[in-house]
Amino acid sequence: MNLIRYGEKFFDEIEIAIYRKRNVGVDVELNQVALSSLSERTVSVIRGMKDKRIGIYVVDSDDEGEIRKGIEIAAKNAKNNERDERWQGLPGEQKYEDVSIDLDYSIKSLSPDFFVELANEAMREINKRDKNAMVAGGASGFQWFENRIMNSHGIDVLQEFGGTFFYLFVVGRKGNVVTPGIVDFEVRRDSKITKDAVVNSILEKLQYAYNVKGANKTEGNILIEPLALAELLYFTLLPAVNGERKVKNTTPLANRVGERIFSEKITIYDDPWHPMSTNPVIADDEGVAARRNVIFDKGVFKGFLWNSYWGNISGEGSTGNGIRSLSTGGIGIGAHNLVIEKGNKRKEDIIGEIEEGFLISAFQGAHSSNPDTGDFSVVANPAFKIENGEIVGSTVFMMSGNVYELLKNVEEISDTEKKIVMMGNGVFPDILFRDVKIAPVSK
Amino acid sequence: MDVEDVIKWAEKNIEAEYIEIRGEEISKMNIELKDGIFPTFTSLKLSGFGVRVLAKGAWGFSSTNRFEKLKESIENAYKMAKAASYGRYEEVELADIKIVEDEVRSKMKIKPTQVDVDEKVERMKDLEKKLKEAKEVASTQIRYEDASGKKILYTSEGTRIVWDMDYVWQYIWLTGKNEKGFASARDEIGSVDVGWELFQEEDVDTIANRMMKKLRAQLNGVQPKRGEYPIVAGPIMVGIIAHEALGHLAEADLTINSPFRDLIGKKIAPEFVSMSDRIVENGFGNNVYDDEGTKVRDVHIIKNGILTEIMLNREYAAKFGMEPNGHARAENYMVPPIIRMRNTVFEKGDYSFEELLEGIKFGYYVVDFRGGQAELNSSFQVGVQEGYIIRNGEIAESIRDTSISGIAIEALKHISAVGKDFGLEMGRCGKGQTAFVSSGGPHMRFDKGIVVGGQQ
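Chains as they are written, first to last, in the numbering used here: chain A, 1 to 443; chain B, 444 to 899.
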């Protein structure tokens, strides 16, 4: 039985989305494997529209009977809802970009033994090279997704993709000093995940972290690493390029398309097909063709991200950025893989030229930033003090400011980039900002 | 075949030290009202099983949302445990608990399923209308969610617990605009013990007035001066400091890597300071048993200034040589239980609010928060969404877009007075998984140890 056809008995338009996820993972804790897991989840979402009233049902199943029942419940919800006069319809048939995406299907058959061994080797090496280090947490594993989006206007798109991941969270304890947790990670679209880069980076930072220094300054040049940069931008900048906010006039970027907003060194785009992306979708969660959307080009604001609802209202159309929440079944607006274009200077050289400044690996409290204004007040931790071109110790300080001011003050961008999957998918370089105001927390 | 038959089958056929099946079947209603439109009007049915197996001294976990695959899931969890055992140098041991067979019934007077959808919708519309009466409000987002269903825990040790799983929850995000620019405010309420009757106490006017106070404080606020100043924190801020700065360090899986590890039994705060994770009236983290079947009991984290107890699951209780105290919680069947807080509160003292302000020439009064985060070196950060300057012992102008930070074990030493009032805040904590929690306490004064972030 064609479920879409069945749904059309109840709705003017209907969309059925089925998400399947399989993951194998190994968690580590206290220098050993804590747990190994295999989880599978299938979720179906029915989103229908009757007389411009929306009704949604989400169920942990892809069973035909459950989906039929779900269609009927969604129809009742639509009946209870109110008319949305601005609704213009679900998207129609799409032409999807013929992109060549290398999928490594061998990921799906990786055994937990492979990830246990990866974690074991990493922990052995860390403990061998630093007797004061404790692997407090971490994980390795793979995730594989199969998503199918269908609607009554002819969309029927099935996509699958996945990736492997490995991260460790290490704490050092020497004398009275307990270091902050030092994190590093690797995420790949294939099965060639290794421990070396993660282990080396953590051990290097741990050595600096034992030497706690007071910040002793109220202003400085600050090099922000990819994870910290992503933490800040996902909570301050990404909401501002959401098209819904443009329509509602609640973003500082409303009516500023074409204006220079940031330093001309800053180019930001959403690119699901970037070589490092682990989210290489050809369609968004409404089935609209995904694409590479430039958001800032050399500091100039090029445009907002849209799903079909707000894109239709604005007249700009969807940019293929409809993202579904599986907690509500609703479609919001988001990035598939947010990229800040890398620069052309080695990170080591950037550090080498800093006479006095700081390196920030992560922020505490980026989620408490104000998405409406871009204001933030966060704690840099782990953070490191740089003197005469060398890292000399760790420190903790507060950094308060506004993302629109910060991104005007870009001094350098590194020629390396890192895949980020926390908060959202992205690829970020390191960026050096000049004359940033801070308040010391470490004494 | 039912879950009882499956666990009996597993006991016979799986060579494990311990097998645990957690099952859920929960129906939810999720409605979102954004600026006059309900873009999500959703029913959800969440059902499935999470299986944890302890074999060869290691944990394996598997989950499925199909009952017919439950046996396979147990076999998978066993295979996972065997794989994990190659990564361990010591075997996992579980502290003993009293094995119970029990049913935990909802205390709600009016379960959300007994309330007509139209009434839920009308209440949200009334609330939005009330909020939009204020000329500063540029955009409103109101999310309502309720849940009703059952949760079970069956273990190879004989634990059989069936819970009613009900809650109501509401989240509001308000964006405001005036001549100074944009500002925003959030508000969150919820309960697992109080049902629809929650919204009789938290009526439209109460919520709207509270929201507008926060929004106006932000809209009209001045940028604070960054630096270390005396702080008087209200119950909601005191609660989030209890939660972020201290509570996380007292979760045994984090304690073990934090400064708290070596401080148990030692004085870490003035003797008039006590802090607990305990059952409180209408606490969002209340329960009778945790997700390992351990009876939940009060944990006196700081008693008269001494770091006394930490929060434990069965594994960490064995590791620390202590008794489990009911803090193993899982967000849902898809994830294994981990150590979590429930309701983390500072206990009352005997100062009036006016006495707390006395003698402060310049400082800050922080009332409500927007997010917070802690680190293992006891550094904490809490975003401030409602705060004021204290000038010459009196509350003066409001401040905007700031946060406070400190090193918790240092800041604790500088608590100089504890108020005689008490307040509680409902929220969610993210530690890889989301958990409903409460936090609160009385007003408190920190003379030093807390840094205020600011663009001045």
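In this text, a Cβ means the ideal position worked out from N, Cα and C, and glycines have one as well. Since we're looking at a predicted model, the values are computed, not measured.
- The beta carbon of Asn-621/B does not come within 8 Å of any beta carbon belonging to chain A, so the residue lies off that interface.
- The alpha-carbon separation between Leu-476/B and Lys-746/B amounts to approximately 44 Å.
- Between the C-alpha atoms of Ser-582/B and Thr-649/B there is a straight-line separation of about 19 Å.
- From the listed residues Asp-375/A, Val-427/A and Ala-383/A, the smallest Cα separation to Gly-826/B is found for Asp-375/A.
- Residues of chain A whose Cβ lies closer than 7 Å to the Cβ of Ile-850/B are, in chain order, Val-441.
- Unbroken beta strand (DSSP E) stretches of 3 residues or longer found wholly inside the stretch 711 to 742 of chain B: 718 to 720, given in chain order.
- Cβ-Cβ separation between Ile-386/A and Leu-359/A: approximately 6 Å, consistent with a contact (criterion under 8 Å).
- Judged by their CB atoms, Gly-830/B and Leu-800/B are not nearer to each other than the 8 Å cut-off.
- For Trp-639/B, no alpha helix (DSSP H) run applies, since DSSP gives it neither H nor E.
- In terms of CA proximity to Thr-556/B, Ala-590/B leads the group Glu-631/B, Ala-590/B, Glu-579/B and Asp-733/B.
- By the 16-neighbour rule on beta-carbons within 10 angstroms, Thr-319/A is buried.
- Annotation: the continuous beta strand (DSSP E) that includes Asn-23/A extends over 13 to 29.
- Taking 7 Å as the Cβ-Cβ cut-off, the stretch 838 to 869 of chain B approaches chain A at Asp-844, Thr-845, Ser-846, Ser-848, Gly-849 and Ile-850, given in chain order.
- Excluding its 5 nearest sequence neighbours in each direction, Val-99/A has C-beta neighbours in its own chain below 8 Å: Trp-273, Pro-280 and Ile-282, listed in chain order.
- At a cut-off of 8 Å, the C-beta of Lys-710/B has no neighbouring C-beta in chain A.
- Annotation: the continuous beta strand (DSSP E) that includes Thr-164/A extends over 156 to 174.
- Under the DSSP assignment, Gly-243/A falls in the alpha helix (DSSP H) whose first and last residues are 243 to 248.
- Counting along the chain, Arg-659/B sits inside the alpha helix (DSSP H) bounded by residues 647 to 662.
- Spatial neighbours of Lys-205/A in its own chain (CB-CB distance under 6 Å, excluding positions within 5 residues in sequence) are listed in chain order as Ile-182.
- The residue from Glu-460/B, Val-895/B and Ala-773/B with its alpha-carbon nearest to that of Glu-600/B is Glu-460/B.
- The alpha-carbon separation between Val-731/B and Ile-193/A amounts to approximately 44 Å.
- In this structure, the CA atom of Asn-293/A is about 24 Å from the CA atom of Leu-326/A.
- Flagged as an interface residue toward chain B: Glu-29/A, by a C-beta distance shorter than 8 Å.
- By the beta-carbon neighbour count (other beta carbons within 10 angstroms, threshold 16), Ser-109/A is exposed.
- Look at Thr-618/B: its C-beta is under 8 Å from a C-beta on chain A.
- Neighbourhood of Ala-75/A in chain B, by CB distance below 8 Å: empty, with the nearest CB roughly 11 Å away.
- Counting only runs of at least 3 residues, the stretch 175 to 263 of chain A fully encloses the following beta strand (DSSP E) elements, listed from N- to C-terminal order: 182 to 188 and 219 to 224.
- DSSP places Leu-855/B in the helix class (H, G or I) of the three-state scheme.
- Counting every other CB atom within 10 Å of its CB across the protein chains shown gives Ser-795/B a total below 16, marking it as exposed.
- Looking only at Arg-41/A, Asn-23/A and Asp-12/A, the smallest Cα-Cα distance to Tyr-776/B is reached by Arg-41/A.
- If you check the CB distance, Leu-819/B and Ala-136/A come in under 8 Å.
- Within the stretch 803 to 840 of chain B, the beta strand (DSSP E) runs of at least 3 residues that lie entirely inside it are, in chain order, 805 to 817 and 822 to 834.
- A Cβ of chain B is located within less than 8 Å of the beta carbon of His-367/A.
- Distances from the alpha-carbon of Thr-251/A to those of Ala-761/B, Glu-694/B and Ala-626/B put Ala-626/B closest.
- Listed by position along chain A, the residues whose Cβ is nearer than 7 Å to that of Met-523/B are Ser-36, Ser-37, Leu-38 and Pro-112.
- DSSP, read as helix, strand or coil, puts Ala-75/A in helix.
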